[in-house]
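Numbering (the numbering used here), first residue to last: 174 to 551. For every residue, glycine included, the Cβ atom is placed at its ideal position computed from N, Cα and C. Computed from a predicted model, the values in this text were never measured in an experiment. Note sheet for the following structure.
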Amino acid sequence: TCAFAGQKKVLAAYEEAVKCGYSGARAGRLHTPHGVFDTPMFMPVGTQATVKAVSPRELKEMGAQIILSNTYHLYLRPGTELVAEAGGLHRFMDWDGGILTDSGGFQVFSLGPLRKITEEGAAFRSHIDGSTQFLSPEIAIKAQMNLGADIIMAFDECIPYPAEYQYAKLSTERTTRWAERSQKAHTRSGQALFAIVQGGMYQDLRRVSANDLVSLDFPGYGIGGLSVGEPKPVMYEMLEQTVPLLPENKPRYLMGVGTPDCLVEAVRYGIDMFDCVFPTRVARNGTAMTKSGRLVVKNAAYAKDFLPIDENCGCYACQNFSRAYIRHLLKADEIFGLRLTTIHNLYFLLDFTKKMRQAILEDRFLSFREEFLAQYCK
Ligand SMILES: NCc1cc(CSc2ccccc2)c2nc(N)[nH]c(=O)c2c1
Ligand SMILES: [Zn+2]
């Protein structure tokens, strides 16, 4: 166990269990005030304090350990002070597992129209009521302390792709200054603040960003600014440059990356934590994830297919319902149809990360990766 202690009392300690030969893959245990969780791990996204279409009980049943929420959305509605008055996010949404919140920077740039970035922070218009809003490291950290997540993220700028070298350099240096301001504003013990590595698609900027943030000594590190439209080989190249510079005894969280082929490659480089809206988002348009790729249940081909989505899947949908039934519900715009495809997709990704962990523990991760990629990308 290599528990770590930041400048405050031990926060999210991370113990590396097993390192897999010939790759950076590792299986670890992440300690938080709401429990100890296994990595590699997939974290379902619950942007507005709910993982769309599923209940906390169902999330627990399918093995979810840590779920994500968005400071940007909760800050605008219902307000983070209100959530604090309700007893914090765990109480508000009745979730007793781990919670991680993003700092809001990314959502400002991806959602808020008419935004302006200065050294101080980001001004933007709310996508809800068009009101003028402002987020800074101090405001974002205060909001996350109000929400009470176990792991919170420093305020950063996700550099768009493509970006000029000069812009990427200035933005990355500012994100490092914002990380320092986030650290100074973070006064809630028992809550881990992760920094976020940026640097665009420039190897040298990625290395500078990682080294600067490591010297500021955070309990864990997000890797941001990837899966923003760049070719996958470029993303893998940035991981190869960045991950080895991060402390082995601290968790690495690749932000907003989530197709299974990307997950297995990122685990190979030593990533421990993942999130993505993809499984819940594609579920809502009737697409199920399987180890051979995507299955569009809504297609007419499945009208009389009385088999489950995946015969080998242990999820509630596959154990009890057929493709024909789920297709019928989706065609009839029945909410239960979306719930079943969402339950299946979340279970698929949670089970997939469990299988990767098992493969690492049994030192057969590289053959697991080969077999999976051969079948999935078929
Ligand atoms: N892959 C793109 C991506 C996604 C997210 C969002 S991850 C997320 C989404 C919902 C809830 C919690 C975290 C990011 N967040 C931050 N702060 N910085 C990034 O560079 C970045 C890049
Ligand atoms: Zn299933």
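Since residue i and residue j should fall inside the 8 Å C-beta cutoff, what is the C-beta to C-beta distance between them, to a whole number of angstroms?
i           : j           : result
residue 475 : residue 490 : Not quite, the Cβ-Cβ distance comes to about 13 Å (not below 8 Å), so this is no contact.
residue 308 : residue 356 : Incorrect: roughly 17 Å between the Cβ atoms, too far for contact.
residue 320 : residue 261 : 7 Å
residue 277 : residue 248 : 6 Å
residue 416 : residue 443 : 5 Å
residue 549 : residue 466 : 6 Å
residue 450 : residue 209 : So it is not a contact: roughly 26 Å between Cβ atoms.
residue 196 : residue 222 : Their Cβ separation, rounded to whole angstroms, is 37 Å, which puts residue 196 and residue 222 out of contact at 8 Å.
residue 376 : residue 414 : 5 Å
residue 447 : residue 215 : 5 Å
residue 514 : residue 227 : Not confirmed; about 11 Å, so no contact.
Would you list the one or two residues that DSSP bridges to residue i?
i           : result
residue 326 : 367
residue 394 : 368 and 425
residue 266 : In DSSP, residue 266 forms no bridge with anything.
residue 188 : 202
residue 319 : DSSP lists no partner for residue 319.
residue 306 : 297
residue 242 : 274
residue 289 : 296
residue 448 : 216
residue 463 : 466
residue 209 : 204
Could you tell me the distance, in whole angstroms, from the CA atom of residue i to the CA atom of residue j?
i           : j           : result
residue 364 : residue 322 : 7 Å
residue 424 : residue 393 : 5 Å
residue 296 : residue 245 : 12 Å
residue 536 : residue 337 : 41 Å
residue 534 : residue 200 : 7 Å
residue 437 : residue 468 : 20 Å
residue 229 : residue 428 : 22 Å
residue 250 : residue 305 : 14 Å
residue 412 : residue 541 : 20 Å
residue 174 : residue 188 : Low per-residue confidence applies at residue 174: pLDDT is 27, beneath 50, and the placement is therefore not dependable, though the value from the model is reported in the following sentence. Their backbone Cα atoms lie some 4 Å apart in a straight line.
residue 362 : residue 495 : 48 Å
residue 289 : residue 258 : 31 Å
residue 292 : residue 234 : 45 Å
residue 431 : residue 254 : 31 Å
residue 512 : residue 341 : 40 Å
residue 182 : residue 360 : A caution first: residue 182 carries a pLDDT of 34, below 50, which makes its placement in the model too unreliable to give a value.
residue 519 : residue 256 : 26 Å
residue 532 : residue 302 : 48 Å
residue 207 : residue 445 : 18 Å
residue 433 : residue 527 : 12 Å
So which of the options has the shortest CA-CA distance to residue i?
i           : options               : result
residue 441 : 409, 431 and 430      : 409
residue 318 : 338, 435, 451 and 272 : 272
residue 382 : 348, 399, 266 and 466 : 348
residue 346 : 478, 371, 334 and 362 : 371
residue 503 : 242, 339, 471 and 531 : 471
residue 350 : 335, 374, 362 and 327 : 327
residue 452 : 479, 443, 463 and 445 : 463
residue 458 : 500, 418 and 212      : 500
residue 298 : 538, 310, 282 and 311 : 282
residue 380 : 402, 316, 404 and 419 : 419
residue 358 : 270, 400 and 314      : 314
residue 324 : 263, 539, 332 and 344 : 263
residue 524 : 269, 237 and 395      : 237
residue 343 : 373, 484, 316 and 426 : 373
residue 300 : 316, 310, 280 and 226 : 280
residue 508 : 456, 207 and 266      : 456
residue 422 : 506, 387 and 239      : 387
residue 401 : 330, 527, 461 and 270 : 330
residue 406 : 460, 332 and 435      : 435
residue 485 : 232, 510 and 517      : 517
Is residue i near ligand 1, in the sense that its beta carbon is under 7 Å from a heavy atom of that ligand?
i           : result
residue 373 : no
residue 223 : no
residue 278 : yes
residue 482 : no
residue 325 : no
residue 369 : yes
residue 436 : no
residue 400 : yes
residue 241 : yes
residue 385 : no
residue 220 : yes
residue 466 : no
residue 445 : no
Could you tell me if the beta carbon of residue i falls within a distance shorter than 7 Å of some heavy atom in ligand 2?
i           : result
residue 486 : yes
residue 520 : yes
residue 456 : no
residue 226 : no
residue 237 : no
residue 490 : yes
residue 501 : no
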